[in-house]
Amino acid sequence: MQAQKNQCDCEAFLSTRYTWEEHVYEQPDKKTELYLVGNNAMDEDFIHFAIQAQKGKMLQVAPYGIRKWYDVGWIENSHISVYGRNYVEPISIYKKDDTASALVFTVPVGYEPEYHVTGCNGKWLQIELLYED
48 MQAQKNQCDC
58 EAFLSTRYTW
68 EEHVYEQPDK
78 KTELYLVGNN
88 AMDEDFIHFA
98 IQAQKGKMLQ
108 VAPYGIRKWY
118 DVGWIENSHI
128 SVYGRNYVEP
138 ISIYKKDDTA
148 SALVFTVPVG
158 YEPEYHVTGC
168 NGKWLQIELL
178 YED
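Take the sequence shown: its position 110, counting from 1, is numbered 157 in the working numbering, and each next residue is one higher.
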């Protein structure tokens, strides 16, 4: 069974917990590597992603940092993250990409967890909470 491709319009970043470079591929089959991307903590140049699509565990991204924009490619979702920072109201985490679906968790105001991005659909991200070591 072949994985469905979802179109996405979301932003995320390469986890700051991850200190190595990630491979970016031409296609989700990972046959042709385009380049490597990685965070540069010394210069505070962290890699962000405009996520355009998802196919299985692969995300189609347009990576960028302070000094460089990269060509669009595909990256495994293993170290892609977002923060759940909320200043005024709690953030609701839903079971599906629909506010009518079941509420799974509510992030309290002022709590800033890092979430691992496992997928996307439209402007919705599928996430899981990264726990502190």
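Positions of the beta carbon are idealized from the N, C-alpha and C atoms, including for glycine.
Outcome for residue i when other beta-carbon atoms lying within 10 angstroms are tallied against a minimum of 16
i: L176; result: exposed
i: Q35; result: For the chain, the structure presents residues 48 to 180; residue 35 sits outside this window and is missing.
i: K170; result: exposed
i: N87; result: exposed
i: M89; result: exposed
i: Y83; result: According to the sequence provided, residue 83 is Leu. The question's Tyr does not apply to it. With fewer than 16 Cβ atoms within 10 Å of its Cβ, L83 is classed as exposed.
C-alpha gap between residue i and residue j, whole angstroms
i: D184; j: F152; result: Residue 184 is absent from the structure shown; the chain starts at 48 and stops at 180.
i: W79; j: W67; result: Sequence check: residue 79 is Thr here, not Trp. Using only the alpha carbons, I get a separation of about 20 Å.
i: S62; j: Q51; result: 25 Å
i: I140; j: L150; result: 6 Å
i: T165; j: S125; result: 8 Å
i: D180; j: L81; result: Caution is warranted here: a pLDDT of 48 is assigned to D180, below 50, making its placement in the model unreliable, and the coordinate value is therefore given only provisionally. For D180 and L81, the distance between alpha carbons rounds to 33 Å.
Host beta strand (DSSP E) of residue i (start-end)
i: E69; result: 69-72
i: Q54; result: 52-61
i: S128; result: 127-130
i: P110; result: 105-111
i: L83; result: 80-84
i: T153; result: 150-154
i: Y141; result: 138-141
i: Y65; result: Segment: none, Y65 is in no beta strand (DSSP E) and carries neither H nor E.
i: L176; result: 171-176
i: W116; result: Careful: W116 lies outside any beta strand (DSSP E) and carries neither H nor E.
Pick from the options that is closest to residue i, judged by C-alpha positions
i: A59; options: G112, L81, T66; result: G112
i: A109; options: V71, T79, K78; result: V71
i: D75; options: Q54, D56, E123, D92; result: Residue 75 is actually Pro in this sequence, not Asp. Of the candidates Q54, D56, E123, D92, the one whose C-alpha sits nearest the C-alpha of P75 is E123.
i: E69; options: G120, T165, Y162; result: G120
i: K142; options: E159, I174, K104, R64; result: I174
i: I127; options: E161, G103, N53; result: E161
i: V129; options: N53, H95, K77; result: H95
Count the C-beta pairs between the region 88-99 and the region 130-144 that are closer than 8 Å, then say yes if the count reaches three, no if not.
With the cut-off at 8 Å, the region 88-99 and the region 130-144 do not touch.
Would you be able to state if there are at least three C-beta pairs under 8 Å between the region 152-161 and the region 111-119?
Judged by Cβ distances under 8 Å, the region 111-119 makes no contact with the region 152-161, as fewer than three pairs qualify.
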